[in-house]
Structure formats: structure tokens, C-alpha cells
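Peer 1: Before we start, here is the structure in question, set down as C-alpha cells.
Residue numbers (this note's numbering), protein chains in the order written: chain A, 7 to 145; chain B, 8 to 198.
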């Protein structure tokens, strides 16, 4: 189909065109109450629109709700949260405190010789001195 | 200074820059019949036509700050109306349930389109009602674009340039679409 086919205005027979127009007008005719009610509907929508929240806020709220739902749905349901047993922590804490306390108190009398042995093992010069003392004591 | 919309709209057919709700009501009064008529022919459902006519004016009201006056108020409103009708038809076809509703709507329309007993215009006397209904059926079977062009041309008696403005098409395209639509309708009339 060439452009020249459309050179003339495409028209329907005048009688048919008029009949179609008249038919459409007739079908859309409504009583005055209809148009009045329609205008009231438009006013109501305009009023509702002006009281509605801004579009961006509504979108943000909807997005937040969706994310919340997604987190709820994807979070593992069966596994309970890991809770540290409080009693065990307390016992360990108490033991630690007891050890620190004991160290602060110094060496018990019964363990004095052992302490000397340990000290002499770590310091040869001191051990020599102790040995000499012991020998002197023996003599 | 108070704007007299009826006078303004009839004389200049231009949208004022600052439009009060009361003034907008005058525009609604002036164009609501035309918009409803176009909707009814396009959608064939009185309820949908009423609903979308209201929606059309709401959209016009909420977006009138974007109206720059490049076209007439009528063109602006018809553009919104045609887009709404097109979206509605598209959505109506989208889902199963919506298709079911459409069947119900068609039933309503068939009742609506039964010949009226009285008040026939002289034009109606010239054409048999059956033939007119057959033409409408052909119009309903046209593509969405052809139907829009046909309705604006023969129901609203608009010029090709105006139709092109409403549909955002070139005048040549409108002419081509109209040519195809008229050809199909003529074939029906010849039968």
C-alpha cells in the first residue's frame, strides 16, 4: 500500500457516519442525576487524593513491609538462639578468682621447699647459694 | 482576579495556570459527556466507562501542573481518556478472572445496545438497526489503534490533526490507520 492511497481522506458513507455518531450519542445519554453523581464521585476522588500520603512515602512503607516479611520468611525457624550457660560462666569465674586469690596470698608453708626448688632450677647462681647453705646446715 | 472557566474554556480552550477546584468543576461539566461517550464506545461497559471517566478527570486534576498549553483542554483530556481505556482493555485481557468479568460486561452491553423503542433519530430511520449493530461489531474487532482513530473520527468528528495530537501519532499514520478501519467497515456494509 503506497502513501498515495491515503491522499484522499478515508471516509464512511455520510449516512452511515451520521448514524454511527447519533447512535453513540444516544447510547451515552444519561439523566442529569447521573452526571451530577459522576461529578460528586470526581470530587470525592479529588478529596481522597489530597488526603492520601505522598506516593514516595507509600512506596517506602510498602518496601519496608516487604523486606520485613522476607526476613521473617527466610529466617531459620527450628534453631533456637545460642545461649551461653550462665552457671558455667560463673563457676569458671569463681575458679579464676580463687587461683588469683591464692597467688596473691603467697606460697603456703608446706610448699616452701618446693618453691625453693623451683626457684633454684630457674636461677643456677641462686641454686648454688642454696646448696652451699644446705651443706652448711648439714655440717 | 477570579477565573471564569466556562468563558475561558469556550473562548481559548486553554488550561489556566492556576486552577481552583471550583473552576475545575466547570471543565468537568463541559467535557464529562464527551469523555464518557468515548469510554463507553471503547469499553462497551457503562460501569467501566463511568469509573474511568471519573479517573480521567482525577488524573487531569492531579497532573494539571504539567499541562503547558501546547494542546487544547479537550485534546489533553482525550489523551488521558484514551490511555486509560487502552490500559483498562489490556488489563482486562490479562487475567482469567478479569476475562470472566469482561464476559459479564459484554452481556450488559448487549442489553444496552438493543434497539430502543422510541425516540429514533431521522438517521436511524435510514439504516436498519441490524446493519448498525453489525458495523459496531466490526469496530469492536478492529485493532486498538484503529478503533481509537475510528471512534475519534466518526463518533467525536475530530480532524486528523487533532486525532494525531491525542494519540501522539503523525497525521499520516492516523490516516493510514483510518483507511484500514474504514475499509473493513465498508466491507461489512457491502455484505
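The beta carbon of each residue, even a glycine, is placed where N, CA and C say it ideally should be.
1) So is residue 16(A) in contact with chain B if we call contact Cβ pairs under 8 angstroms?
2) Can you look up residue 167(B) in the DSSP assignment and give me helix, strand or coil?
3) Assuming residue 18(A) contacts residue 162(B) (C-beta within less than 8 angstroms), just tell me the rounded distance between them.
4) For residue 139(B), does the count of other Cβ atoms within 10 angstroms reach 16, so buried, or fall short, so exposed?
5) What residues in its chain sit with their C-beta under 7 angstroms from that of residue 141(B), if we drop five residues either side in the sequence?
6) Hey, how far is the Cα of residue 97(A) from the Cα of residue 124(A)?
7) Measure the C-alpha to C-alpha separation of residue 39(B) and residue 81(A) and round it to an integer number of angstroms.
8) Hey, which unbroken runs of the alpha helix (DSSP H) at 4 residues or more fall wholly within the region 37-94 of chain B?
9) In three-state terms, what does DSSP make of residue 123(A)?
10) Quick one: which chain A residues come within Cβ less than 7 angstroms of residue 69(B)?
11) With DSSP collapsed to three states, give me the class of residue 42(A).
12) What residue range is occupied by the uninterrupted alpha helix (DSSP H) comprising residue 145(B)?
13) Could you give the distance in angstroms between the alpha-carbon of residue 54(A) and the alpha-carbon of residue 72(B)?
14) Looking only at its chain, what residues have a beta carbon closer than 7 angstroms to the beta carbon of residue 191(B), apart from the 5 residues adjacent to it on each side?
15) So residue 74(B) packs on residue 48(A), CB below 8 angstroms; how close in whole Å?
16) Quick check: the Cα distance between residue 193(B) and residue 30(A), rounded to an integer number of angstroms?
17) Which first and last residues belong to the alpha helix (DSSP H) in which residue 36(A) is found?
18) Between the alpha carbons of residue 165(B) and residue 64(A), how many angstroms are there, rounded?
19) Mapping DSSP to helix, strand and coil, what is residue 23(A)?
20) What is the DSSP secondary structure of residue 51(A), reduced to helix, strand or coil?
21) Return the CA-CA distance between residue 82(B) and residue 71(A), expressed in angstroms with no decimal places.
22) Verify the CB distance criterion: does residue 182(B) have a CB-CB separation below 8 angstroms to chain A?
23) According to a CB-to-CB cut-off of less than 7 angstroms, which residues of the region 36-54 of chain A neighbour chain B?
24) Among the residues of its own chain, which have a CB less than 7 angstroms from the CB of residue 185(B), if the five just before and after it don't count?
25) Using the three-state DSSP reduction, which class does residue 32(B) fall into: helix, strand or coil?
26) Taking only beta-carbon atoms, is residue 150(B) less than 8 angstroms away from chain A?
27) Assuming residue 60(B) and residue 44(A) are in contact, meaning their beta carbons sit under 8 angstroms apart, how far apart are those beta carbons, in whole angstroms?
28) Where do the N-terminal and C-terminal ends of the alpha helix (DSSP H) with residue 194(B) fall, by residue?
Peer 2: For this structure:
1) yes
2) helix
3) That pair is no contact at about 11 angstroms.
4) With 16 or more other Cβ atoms within 10 Å, it is buried.
5) 195
6) 30 angstroms
7) 53 angstroms
8) 53-69
9) In the three-state scheme derived from DSSP, where H, G and I count as helix and E and B as strand, residue 123(A) is classed as helix.
10) 55
11) DSSP places residue 42(A) within a helical segment (H, G or I) once states are collapsed to three.
12) 136-148
13) 18 angstroms
14) Cβ neighbours of residue 191(B) beyond the five flanking positions: 145, 149.
15) Incorrect: roughly 17 angstroms between the Cβ atoms, too far for contact.
16) 18 angstroms
17) Note, residue 36(A): premise wrong, no alpha helix (DSSP H); not H, not E.
18) 40 angstroms
19) helix
20) helix
21) 40 angstroms
22) Output row for residue 182(B): interface = yes.
23) Residues passing the 7 angstroms Cβ filter: 41, 44, 45, 47, 48, 51, 52.
24) 156, 157, 160
25) Of the three classes helix, strand and coil, the one that applies to residue 32(B) here is helix, per DSSP.
26) no
27) 6 angstroms
28) Run containing residue 194(B): 178-197, per the alpha helix (DSSP H) assignment.
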